[in-house]
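Colleague:
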Amino acid sequence: MTISVIARNTFKEAVRDRILYLLLFFSGLTIILSRVLAVLTVGDRVKVVKDVGLASISFFGALMAIMIGTGLVYKEIEKRTIFTLISKPIRRAEFLLGKFLGLVLTLAVMLGAMTLIFLVVVFLHTFKVEFGLVLAVVFIFMELVLLTAVAVLFSCFSTPILSSLFALSFYLIGHFSWGLETLIKKTPAGAGRTFLRILYTLLPDLENFNIKTEVVQNLPLPAGLWLGAAGYGAAYTAFVLLLAVLVFRRRDFI
Amino acid sequence: MGNVLELRDVRKTFKLGFIPKPREVLKGVSFDVAEGEIFGYLGPNGAGKTSTIKCVLGLIFPDAGTISLFGRSPLDPRSKDKLGFLPENPYFYDYLTAREFLDFYAQLFGVAKGERSERIARLLKLVDMERASALPLRKFSRGMLQRVGLAQALINEPSFVILDEPLGGLDPLGRKEIRDIILSLRDAGRTVLFTSHILQDIEMICDRVAIVVDGRIHNQGRLADLVSEKILFTEITVSGLAATDLAAFGECVSVRDGRALVKVYAEDKVQGVLDLVREGHGRVHALIPRAQTLEDLFVDTVARS
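Those protein sequences? They're chains E and Z, same order as listed.
Just so you know, our numbering puts 170 at position 170 of the first sequence, and the rest follows in order with no gaps.
Each number in our numbering corresponds to the 1-based position in the second sequence with 254 added.
1) Between the segment 349-373 of chain Z and chain E, which residues of the former have a C-beta closer than 9 Å to a C-beta of the latter?
2) Any residues in the segment 79-97 of chain E with a beta carbon nearer than 9 Å to a beta carbon of chain Z? Which ones, in chain order?
3) So which of Z:R532, Z:H451, Z:G534 has the shortest CA-CA distance to E549 of chain Z?
4) Residue ranges of each alpha helix (DSSP H) run of no fewer than 4 residues wholly in the segment 463-536 of chain Z, ordered along the chain?
5) Between D335 of chain Z and chain A, is the shortest Cβ-Cβ distance under 8 Å, so that the two count as touching?
6) Taking the straight line between their C-alpha atoms, what separation do you get for Q217 of chain E and G231 of chain E?
7) Does V36 of chain E pass the burial test, meaning 16 or more other C-beta atoms within 10 Å, or should it be called exposed?
8) Just the chain Z side, please: which residues come within less than 8 Å of F157 of chain E by C-beta, in chain order?
9) Below 8 Å between beta carbons: does that hold for A149 of chain E and F100 of chain E?
10) Ignore the nearest five residues each way along the sequence and tell me which others in E457 of chain Z's own chain have a CB closer than 6 Å to its CB.
11) Measure from the C-beta of R45 of chain E to each C-beta in chain Z and report whether the shortest distance is under 8 Å.
12) List the residues that DSSP assigns as beta-bridge partners of I562 of chain Z.
13) State the beta-bridge partners of F414 of chain Z as determined by DSSP.
14) Hey, is F248 of chain E's beta-carbon within less than 8 Å of any beta-carbon in chain Z?
15) Would you give the residue range spanned by the beta strand (DSSP E) that P276 of chain Z belongs to?
16) Taking all protein chains shown into account, decide if D418 of chain Z is buried (16 or more other Cβ within 10 angstroms of its Cβ) or exposed.
17) According to the neighbour-count rule (16 or more other Cβ atoms, all chains shown, within 10 Å of its Cβ), is I19 of chain E buried or exposed?
18) Is I471 of chain Z close to chain E? Criterion is C-beta to C-beta, closer than 8 Å.
19) Can you check whether the C-beta of Q406 of chain Z is within less than 8 Å of a C-beta belonging to chain E?
20) If I measure Cβ to Cβ from Q546 of chain Z and keep anything under 6 Å in the same chain, skipping five residues before and after, which residues do I get?
21) Assuming L225 of chain E is part of the alpha helix (DSSP H), what are its boundary residues?
22) Which one or two residues does DSSP pair with P390 of chain Z in a beta bridge?
23) Between which two residues does the alpha helix (DSSP H) containing F293 of chain Z stretch?
24) Does the separation of the CB atoms of L399 of chain Z and P344 of chain Z fall below 8 Å?
25) Going by the beta-carbon positions, is the gap between K266 of chain Z and P316 of chain Z smaller than 8 Å?
26) Have a look at V247 of chain E and C156 of chain E and give me their C-alpha separation to the nearest angstrom.
27) Within 10 Å of its beta-carbon, does K50 of chain E have 16 or more other beta-carbons around it, so buried, or fewer, so exposed?
28) Per DSSP, what kind of secondary structure is L270 of chain Z in: helix, strand or coil?
29) Is G117 of chain E helix, strand or coil when you go by DSSP?
30) Between the alpha carbons of V415 of chain Z and E505 of chain Z, how many angstroms are there, rounded?
In structure tokens form, the structure reads like this:
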């Protein structure tokens with residue numbers, strides 16, 4: 001109950017933030033302008049529209065999660081609105097989860113709006129409503145939920161600028177960590193390989209949520225992909241949120 | 255009557271700065287707030303008033319000592335079911351309207367929807383903010399925020415209200431209205447703990463006070479017990495006499511427009527001044543006996559500490 005009240009208020013706060021609409025505008029613009037890129041392309045133009053559209057949803061969604069998520073808890077502490085809130089019968093963990101869920105709800109609505117624009121643009125090319133594309137967006141959403149948890153974690157103890165840098169680093173590392181897999185294969189067995197394996201386990205692998213190529217190229221999706229990605233996302237998100245709660249529960253609000 | 259709040263030897267040290275330097279802000283604070291009373295917590299800036307309140311609310315964690323709020327730890331959410339709090343500076347969600355703001359806090363207390371709107375309307379009327387109920391808080395002046403903040407503190411119909419500097423930022427009329435609301439809370443059987451720099455307000459409405467200086471309580475008790483009713487001195491304003499003639503009776507504080515203000519410390523010398531005025535065909539403009547005030551006690555306590 002308390003969590004949902006805080007989540008709804010966070011949603012209200014986020015949707016009244018102009019930066020969200022600025023990002024939504026640019027995202028929509030990029031999706032629509034993918035048509036220009038398609039015209040300049042030799043080959044399958046629809047694939048270009050789909051590629052650019054999904055990349056745009058993923059990129060602007062990540063920007064929304066980072067830019068709003070990193071300021072969310074910090075602003076409460078900095079503006080001291082948290083004083084009145086913590087004086088009410090709520091637990092600190094409830095506050096944090098409410099904030100997180102509020103932002104997840106905001107992202108879901110924004111992603112919904114971007115997807116709608118995307119589907120309309122694709123429809124104008126193919127005259128078909130391609131619901132398969134929505135599957136790729138659902139995977140993007142799972143990735144953004146994890147990124148939001150990371151943004152909230154950093155927001156608990158750091159300024160928005162630093163938190164944004166940390167969260168952005170997490171996002172970039174997450175998309176390039178798969179390279180370690182190749183490195184592990186090429187490294188001879190021994191301490192070096194073990195170290196790389198531990199590093200690969202600890203670092204996020206956000207490519208788990210990337211099925212854009214499969215969806216755009218109409219390739220068959222590996223069996224159990226849904227379960228694997230959802231399980232990985234849920235476990236990693238829960239772990240990051242647990243860290244955030246641990247940091248937050250003993251913090252003094254001076 | 256029992257105590258709604260008990261603090262025993264509460265200590266807190268902050269470590270601030272790039273190279274953390276410890277600063278002890280609370281050095282063993284102990285006091286009780288009894289059910290149904292208005293308790294004034296006063297002290298100079300930086301004395302530890304707000305830090306004490308933050309410990310009570312669970313915003314900061316004391317290093318040592320115990321705090322009991324309604325017989326529970328402040329970290330137990332149940333201890334705050336019947337608590338209302340107005341922070342020192344009214345920092346609220348400025349994107350919400352006054353009505354939305356109060357509705358949000360009412361929801362946190364689980365007040366039913368039908369009851370919420372009735373309660374919000376009643377509280378907005380109480381703090382005279384009905385006219386601004388649909389305005390976002392970012393358009394509010396500090397005084398307006400203070401009023402709507404007080405409404406927020408009362409949204410759960412608390413039996414104990416903590417008000418941190420509730421009269422700051424208000425004009426004299428607003429101060430009187432808030433004072434009246436605080437008194438009406440006590441009349442309704444509620445307990446109030448409030449901090450203020452405005453000693454006249456504390457003196458006017460508090461049953462008991464505690465004076466905190468540099469993280470320690472230096473004086474606490476019933477106002478009548480702390481402040482002596484003995485006349486400390488008498489201020490007499492006279493005209494038609496030379497200031498030098500008055501010097502024998504007391505301290506001549508000022509001479510302006512032919513009027514001299516004399517502070518007479520001994521009661522028998524007051525009559526001497528009046529005799530002198532009669533003999534010299536002068537005139538008495540004012541004669542004010544001054545008993546010890548809370549301000550005197552406060553200044554004295556701060557100076558001694």
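Every residue, glycine too, gets a C-beta built ideally from N, C-alpha and C.
Modeller: Taking the definition as stated:
1) Y349, L350, E354, F358, Y359, Q361, L362, F363, G364
2) K79, R80, T81, I82, F83, T84, L85, I86, S87, K88, P89, I90, R91, R92, E94
3) The count along the second sequence starts at 1 and reaches residue 549 of chain Z at position 295. Of the candidates Z:R532, Z:H451, Z:G534, the one whose C-alpha sits nearest the C-alpha of E549 of chain Z is Z:H451.
4) Here the runs fully enclosed are 477-480, 497-500, 521-533.
5) The structure shown contains no chain A; the protein chains it does contain are E and Z.
6) For the purposes of this step, residue 217 of chain E is taken as residue 217 along the first sequence, with counting starting at 1. For the purposes of this step, residue 231 of chain E is taken as residue 231 along the first sequence, with counting starting at 1. Rounded to whole angstroms, Q217 of chain E to G231 of chain E spans 25 Å at the Cα level.
7) As a working note, residue 36 of chain E is residue 36 in the first sequence. Classification for V36 of chain E: exposed.
8) As a position in the first sequence, residue 157 of chain E is number 157, starting the count at 1. Ordered by position in chain Z, no residue passes the 8 Å Cβ test against F157 of chain E, which lies about 15 Å from the chain.
9) As a first step, residue 149 of chain E is located in the first sequence; it is residue number 149 there, counting from the start. As a first step, residue 100 of chain E is located in the first sequence; it is residue number 100 there, counting from the start. Cβ atoms of A149 of chain E and F100 of chain E: closer than 8 Å.
10) By one-based count along the second sequence, residue 457 of chain Z stands at place 203. Sequence-distant partners of E457 of chain Z (beyond 5 residues in either direction) whose C-beta falls short of 6 Å from its own C-beta, in its chain, are L548.
11) Against the first sequence, residue 45 of chain E aligns to sequence position 45. For R45 of chain E, the answer is no, since every Cβ of chain Z falls outside 8 Å of its Cβ.
12) Nothing about residue 562 of chain Z can be reported from this structure: the residues present for chain Z run from 255 to 559 only.
13) The residue labelled residue 414 of chain Z in the question sits at position 160 within the second sequence. Beta-bridge pairing links F414 of chain Z to Z:L337, Z:T445.
14) Here residue 248 of chain E refers to the residue found at position 248 of the first sequence. Taking a beta-carbon distance threshold of 8 Å, F248 of chain E does not count as an interface residue toward chain Z.
15) Looking up residue 276 of chain Z in the second sequence gives position 22. First-last of the beta strand (DSSP E) with P276 of chain Z: 275-288.
16) Numbered from 1 along the second sequence, position 164 holds the residue referred to as residue 418 of chain Z. D418 of chain Z should be labelled buried.
17) Here residue 19 of chain E is taken as the residue at index 19 of the first sequence, counted from 1. That one is exposed.
18) As a working note, residue 471 of chain Z is residue 217 in the second sequence. No, I471 of chain Z does not count as interfacial toward chain E.
19) For the purposes of this step, residue 406 of chain Z is identified with residue 152 of the second sequence, where counting begins at 1. With 8 Å as the cut-off, Q406 of chain Z counts as an interface residue toward chain E.
20) Translated into positions along the second sequence, residue 546 of chain Z becomes position 292. Same-chain partners within the cutoff: V481, S482, L486.
21) Residue mapping note: residue 225 of chain E aligns to position 225 of the first sequence, counting from 1. Start and end: 225-249.
22) The sequence position of residue 390 of chain Z within the second sequence is 136, counting from 1. In DSSP, P390 of chain Z forms a bridge with Z:T351.
23) As a working mapping, residue 293 of chain Z is identified with position 39 in the second sequence. Run containing F293 of chain Z: none in the alpha helix (DSSP H); it sits in the beta strand (DSSP E), 292-296.
24) Here the question's residue 399 of chain Z lines up with position 145 in the second sequence. Here the question's residue 344 of chain Z lines up with position 90 in the second sequence. Taking 8 Å as the Cβ cut-off, L399 of chain Z and P344 of chain Z qualify as a contacting pair.
25) As a working mapping, residue 266 of chain Z is identified with position 12 in the second sequence. As a working mapping, residue 316 of chain Z is identified with position 62 in the second sequence. Yes, they are a contact pair.
26) By 1-based counting over the first sequence, the position of residue 247 of chain E is 247. By 1-based counting over the first sequence, the position of residue 156 of chain E is 156. V247 of chain E and C156 of chain E: Cα-Cα distance of roughly 7 Å.
27) The residue you call residue 50 of chain E lines up with position 50 of the first sequence. By the neighbour-count rule (16 or more Cβ atoms within 10 Å), K50 of chain E is buried.
28) On the second sequence, position 16 is the one that residue 270 of chain Z refers to. Here L270 of chain Z sits in strand by DSSP.
29) For the purposes of this step, residue 117 of chain E is taken as residue 117 along the first sequence, with counting starting at 1. This sequence places Ile at residue 117 of chain E; Gly is not what is there. I117 of chain E: helix per DSSP, three-state reduction.
30) On the second sequence, position 161 is the one that residue 415 of chain Z refers to. On the second sequence, position 251 is the one that residue 505 of chain Z refers to. About 45 Å.
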